[in-house]
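Chemist:
Residue numbers (this note's numbering), protein chains in the order written: chain A, 934 to 1186; chain B, 2 to 59; chain C, 15 to 233; chain D, 15 to 230.
#1: Give me whichever residues DSSP pairs with residue 3/D in a beta bridge.
#2: Against residue 17/C, what residues of chain D qualify as contacts under a CB-to-CB distance less than 9 Å, listed in chain order?
#3: Taking only beta-carbon positions, decide if residue 25/B is within less than 8 Å of chain A.
#4: Have a look at residue 28/C and residue 1030/A and give me their C-alpha separation to the nearest angstrom.
#5: My guess is that residue 1161/A and residue 961/A are in contact by the Cβ rule of under 8 Å, so how many angstroms apart are they, rounded?
#6: Give the DSSP-derived three-state secondary structure of residue 105/D in the structure shown.
#7: Taking the straight line between their C-alpha atoms, what separation do you get for residue 217/D and residue 33/D?
#8: Quick check: the Cα distance between residue 132/C and residue 164/D, rounded to an integer number of angstroms?
#9: Using a cut-off of 7 Å between C-beta atoms, extract the partners of residue 48/C located in chain A.
#10: Could you check how far apart the C-beta atoms of residue 136/C and residue 121/C are, in whole angstroms? I think they sit under 8 Å.
#11: Round the Cβ separation of residue 212/D and residue 1179/A to the nearest angstrom and send it over; I've been treating them as touching at under 8 Å.
#12: DSSP state of residue 177/D, grouped into three classes?
#13: Note the first and the last residue of the continuous alpha helix (DSSP H) segment covering residue 954/A.
#14: How is residue 98/C classed by DSSP in three states: helix, strand or coil?
#15: Could you tell me which residues DSSP pairs with residue 47/D in its beta bridges?
#16: Sort 21/D, 166/D, 171/D and 191/D by Cα distance to residue 87/D and report the nearest one.
#17: Which residues of chain B have a Cβ atom closer than 8 Å to the Cβ of residue 1139/A, listed in chain order?
#18: Quick one: Cα of residue 175/D to Cα of residue 152/D, how far?
#19: How long is the line joining the alpha carbons of residue 228/C and residue 161/C, rounded to whole angstroms?
#20: Write down the C-beta distance between residue 129/D and residue 157/D rounded to the nearest angstrom, noting that I regard them as a contact closer than 8 Å.
#21: Can a CB atom of chain A be found closer than 8 Å to the CB of residue 51/B?
#22: Taking the Cβ atom as the reference point for each residue, do residue 950/A and residue 1036/A lie within a distance shorter than 8 Å?
#23: Restricting to Cα atoms, I'd like to know which of 1064/A, 994/A, 1092/A and 1175/A is closest to residue 1114/A.
#24: Listing by chain order, which chain A residues have their CB less than 9 Å from the CB of residue 126/D?
#25: Over the uninterrupted alpha helix (DSSP H) stretch that includes residue 158/D, give me the two end residues.
#26: Decide if residue 36/D is buried, meaning its Cβ has at least 16 other Cβ atoms within 10 Å, or exposed.
#27: Please identify the residue among 53/D, 61/D, 135/D and 28/D whose C-alpha is closest to the C-alpha of residue 19/D.
#28: Please give me, in chain order, every unbroken run of the alpha helix (DSSP H) with length at least 4 that falls completely inside the stretch 56 to 100 of chain C.
#29: Are the C-beta of residue 981/A and some C-beta of chain B separated by less than 8 Å?
#30: Along the stretch 31 to 56 of chain D, where does the CB come closer than 8 Å to a CB of chain A? Name the residues.
#31: Grab the span of the alpha helix (DSSP H) containing residue 118/D for me, first residue to last.
#32: Give me the Cα-Cα distance between residue 55/D and residue 47/D, rounded to the nearest whole angstrom.
#33: Using beta-carbon positions only, say whether residue 151/C and residue 213/C come within less than 8 Å of one another.
#34: In whole angstroms, what is the alpha-carbon distance linking residue 1158/A and residue 1038/A?
#35: Kindly indicate the opening and closing residues of the beta strand (DSSP E) around residue 22/D.
#36: Using the three-state DSSP reduction, which class does residue 1164/A fall into: helix, strand or coil?
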């Protein structure tokens, strides 16, 4: 029991904002460099591998589309974890993390939607179809935007953190729906071919660039997320300093 | 089978634009916040020690 | 006057402002429709323009009730009433700022939703153009309702009820212009011109009526 | 310049609030309106500011600028509410009103930094208005009186949320305005410490006038 609480204290020491800032300062440059390297390799691979005999050149869209779609879901999962942290452990950094992730997640979801649309036009003949996968991802996009609007509308983070955490957790229902929509319903969208219980069904020729791009995108997400968290901490410092300035102004008159 | 190079290029282009835009936004946001912090500190507002150890209150 | 325009724009972009909410509402409303009518792409393409127009109409009504109420609550409206600049100019500028913050984003978001509705390029372009011409009229009509309901504690719903019937002509000519553009025999220009005329008409009538209502509502 | 009110009376809804109020104020003179709650002080000030129609009587400005339609165009009105937006910074609020109101003929408003200095709150103009305390907000609303020039100041309970120090500061501002030939009309419970004042004591209207629906 005492070990457990010690571990929790250590964890929260690490997650103390000042320490987080110091850590972020040290980690960010390396993370950025590694991300860039992975992107260089990933892009090189994705343009040098052969096209698919069935889908032609458009298979290259997959190397952007699939990682972006993965990230749109992973980002929401990170937000849901952070929301849990806000509600259960009341950790101040958890709310910072959740807030910082929302715009990034919205961007990746947007990317997944747009590239999917660009892939769908030549394959299916339509920019958009209302099937379960696409619709649920669109709902995810709307949820990101809604959360961003909510975070903006309530300028006092102390009060808004709980409210938006509850909303994030409720919205998490959507993630399994997105993940399994291709299997539960008969849709136009092709089923998962990489993350399967019985091993990937995709040709290794396509798998290699895909995995490298996925790692690159994931690293990119963490880089941006840490940077955005740092911004959010600074933003809150500015806010609290301003309130302090307002309180102390005019006292000497 | 057609090659559909335009669609591929468009999706890579939009992806690049979005990612670069996001990166620039994060960087610009960070710069702006740091500038505000510096201005506040220059105008003589100091964090109390309690807040210094726990940067975000309220 | 430019100062007022910029201030209102700033207010709607800052925290709690309605600029983003309107577009979100628009997207949500339009995204809900296919669940109701089913994912038949041909059907969606046919009713798409009408749905975009109705969505835009509802979304632009969303923040209208706060147009003058917020000013009244903090006392700014009193000062605006007292100035040498005619009140109707003030109202006009406030409407313009409100449209720029909430109506313009709707016009910009319309093509994206048009793709979702499986509309072709011509229909999307026509919808965008008619929305661009028609939504200012909704704002100007809405200003009258907002001014009438300014002193009511729960004016929001009432504003929508007052304004919706008046906005019907805008909807009729907006949608018919789009359909005229898609379906060949009907000419596109006449309904668009009528729509523009309606907008200009309400750009004059709206601020005058709203200013009169505001003068009498002050107590 | 001379502000003359003759036989003013006003209604709110059906109720006659006050009847037959007359006064005349020359340049550099102040009118302090006193009286118990509900005696119609605020209503009188809103009539003077042109926000309510007077039932009877007239309000005229003699020897004023010729092209003006109503004395309210030459007036500042500081009501119970501050007319400032919480979301905008103090500087944005003040510069908006400075631009929007402009200056009346015969004077020019001070610039923002000076006005904020004059109300004793330098250095916090970059903060959002909502961050300030009630007293600070009130003082910033007074800074609004300084950034745009108006010869007539109509003040409704101007010192309600202020402490003693700010009271004195405000009395100084009003006196400076009077010295420059301005006119001040203030409803207040507290003595403002002004010279050259007339006092108008509102007693509340007690005459029988049920209005339109009754016999007189």
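Beta carbons are placed, not taken as given, at the ideal position from N, Cα and C, and that holds for glycine.
Modeler: Quick answer:
#1: Given a span of 15 to 230 for chain D in the structure shown, any question on residue 3/D remains unanswerable.
#2: 109, 110, 111, 112, 113 and 114
#3: no
#4: 22 Å
#5: With 8 Å as the limit, residue 1161/A and residue 961/A do not qualify as a contact, their Cβ atoms being about 11 Å apart.
#6: helix
#7: 10 Å
#8: Near 60 Å, if we compare the C-alpha coordinates of residue 164/D and residue 132/C.
#9: What residue 48/C touches in chain A: 1063.
#10: With 8 Å as the limit, residue 136/C and residue 121/C do not qualify as a contact, their Cβ atoms being about 17 Å apart.
#11: Not a contact, Cβ separation roughly 38 Å.
#12: In this structure, DSSP gives residue 177/D a state outside helix and strand, which the three-state scheme calls coil.
#13: Under the DSSP assignment, residue 954/A falls in the alpha helix (DSSP H) whose first and last residues are 950 to 981.
#14: coil
#15: 201/D and 214/D
#16: 166/D
#17: Those within 8 Å of residue 1139/A in chain B number zero; the least Cβ separation is about 14 Å.
#18: 7 Å
#19: Just so you know, the alpha carbons of residue 228/C and residue 161/C end up roughly 6 Å apart.
#20: 4 Å
#21: Low confidence applies to residue 51/B: its pLDDT is 38, below 50, so where it sits in the model is not reliable, and the reading given next is rough at best. Output row for residue 51/B: interface = no.
#22: no
#23: 1064/A
#24: Residues of chain A passing the Cβ test: none, with the nearest at roughly 15 Å.
#25: 148 to 161
#26: exposed
#27: 61/D
#28: Taking 4 residues as the minimum length, the alpha helix (DSSP H) runs contained wholly in the stretch 56 to 100 of chain C are 80 to 87 and 90 to 96, in order along the chain.
#29: Put simply, the CB of residue 981/A is far from chain B, with every gap to its CB atoms at 8 Å or more.
#30: For the stretch 31 to 56 of chain D, the set of residues with a beta-carbon nearer than 8 Å to any beta-carbon of chain A is empty.
#31: DSSP places residue 118/D in no alpha helix (DSSP H); its state is neither H nor E.
#32: 7 Å
#33: Yes; because the gap between Cβ atoms is below 8 Å, this pair is in contact.
#34: 10 Å
#35: 16 to 26
#36: helix
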